[in-house]
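Per the working numbering, the sequence shown starts with residue 379, numbered consecutively. C-beta: ideal position from N, C-alpha, C; glycine also.
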Amino acid sequence: MKSLLTAISMMIVAFVSGESDGLEFSREVKSTMDGLSGSVVINSGCSKHDKYGSNDCDLKWDHNYTVTFNGTLPEQISNGSTFHVDIKIDDLVKADFHCPLCGGKCEFEVAKHKTHFEMPPCPLAKAGLIHQIANITLPKHAPAKISFKGTVSAKDPSGKSFGEVEVEGKLH
Numbered sequence: 379m380k381s382l383l384t385a386i387s388m389m390i391v392a393f394v395s396g397e398s399d400g401l402e403f404s405r406e407v408k409s410t411m412d413g414l415s416g417s418v419v420i421n422s423g424c425s426k427h428d429k430y431g432s433n434d435c436d437l438k439w440d441h442n443y444t445v446t447f448n449g450t451l452p453e454q455i456s457n458g459s460t461f462h463v464d465i466k467i468d469d470l471v472k473a474d475f476h477c478p479l480c481g482g483k484c485e486f487e488v489a490k491h492k493t494h495f496e497m498p499p500c501p502l503a504k505a506g507l508i509h510q511i512a513n514i515t516l517p518k519h520a521p522a523k524i525s526f527k528g529t530v531s532a533k534d535p536s537g538k539s540f541g542e543v544e545v546e547g548k549l550h
């Protein structure tokens, strides 16, 4: 789950520079595999919370946030498992890429800006409870006002879905 969130964050931050007030976003979990659960809780800036964590967030540039990830992983995630990001930016630019959930590098390009980050080594072991805390500082600035909307999904090597999340937001 952290890998999916990292990918979304990196994709948005990959092309940001300029001035703005914040990053506003919401998500709707459309599906999850049986036994998979998780939540992502941001310490401030979000007006709603449900079993998946924080939602309807408005995060300010140049602020620090503590993000807590909790979850259960009902089966091992092996080499060949992937996530897919399919997001449209301002209805003009499409970010559509696949990356490994583990065991490789996630590389993608959005609006001619390339970025990459290492994924954790495979396999990701079946876990009863995953608990991680990350401290994140948003950049000082953002580009001109933009909006984004799309889906992030993940599958095992056989094509079995781990889940799908719809995301929507804007930089303002």
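CA nearest to the CA of residue i, picked from the options
i	options	result
E402	L414, I420, P535	I420
L479	V407, H462, S404, F486	H462
I455	S432, I511, V488, M411	M411
N513	E453, T446, K533	T446
A532	G458, H491, V471	G458
E453	V545, F486, C435, D534	D534
G400	A489, G481, W439, F526	W439
G449	V418, P498, D464, E406	V418
E496	V488, C484, H476, A520	C484
E544	I511, F526, C477, G537	F526
Expected contact under 8 Å - CB spacing of residue i and residue j to nearest Å
i	j	result
G541	L414	6 Å
K523	H550	6 Å
D434	S409	About 20 Å separates the two Cβ atoms, so there is no contact after all.
T460	H476	5 Å
Between the CA atoms of residue j and residue i - distance to the nearest angstrom
i	j	result
L502	H509	14 Å
A392	K504	Residue placement at A392 is poorly supported in this model, since its pLDDT is 42, which falls under 50; the coordinates are not used for a value here.
L437	D428	18 Å
G547	C500	32 Å
T515	Y443	6 Å
S425	S432	8 Å
G416	D469	30 Å
Beta-carbon gap between residue i and residue j smaller than 8 Å
i	j	result
K466	G528	yes
Exercise. If you scan the stretch 439 to 511 from start to end, which runs of the alpha helix (DSSP H) of 4 or more residues do you find wholly inside it?
Worked result: The qualifying runs do not exist here; there are none.
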